[in-house]
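Numbering (the numbering used here), first residue to last: 91 to 176.
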Amino acid sequence: MVNSERERFSIPFFFNPAHYTDVKPLEELTNEQNPVRYKPYNWGKFFVTRKRGNFKKLDVENIQIYHFRIPESELADKLEGALSIK
Numbered sequence: 091m092v093n094s095e096r097e098r099f100s101i102p103f104f105f106n107p108a109h110y111t112d113v114k115p116l117e118e119l120t121n122e123q124n125p126v127r128y129k130p131y132n133w134g135k136f137f138v139t140r141k142r143g144n145f146k147k148l149d150v151e152n153i154q155i156y157h158f159r160i161p162e163s164e165l166a167d168k169l170e171g172a173l174s175i176k
C-alpha cells in the first residue's frame, strides 16, 4: 500500500545476494553532477572476507563497506572536470 499523503524513502536491502553479484549503483542514477561514491565490489568476496574476519584476531582492520568509498578529493576532481567541460 502506498501512502499518498506523506513522502517516503525507499532503500534497497539485499538479503544474501548470490556470491557472483557485483554491487554498484545503476548507471541511470549516476552522472557527472552525481558521480559514483563507492567502488563496485563483489558481494561474495566481501561477504567471505568479512565473515572470516569476524572470527579471527587480525593484524589489520576487518573489511568494512567504507573501504570502498571513493575519496572526496577524487569526487571533487571528477565534478570539477565535468563542470569545466560545459
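The beta carbon of each residue, even a glycine, is placed where N, CA and C say it ideally should be.
A quick note: this is a predicted structure, and the numbers were derived from the prediction, not measured.
- Taking all protein chains shown into account, residue 155 has fewer than 16 neighbouring C-beta atoms within 10 Å of its C-beta and is therefore exposed.
- Rounded to whole angstroms, the separation of the alpha carbons of residue 118 and residue 134 is 25 Å.
- Closest in alpha carbon position to residue 112, among 128, 141 and 166, is 128.
- Cβ contact annotation for residue 152 (same chain, cutoff 6 Å, sequence separation greater than five): 143, in chain order.
- The three-state reading of DSSP puts residue 126 in coil, since its state is none of H, G, I, E or B.
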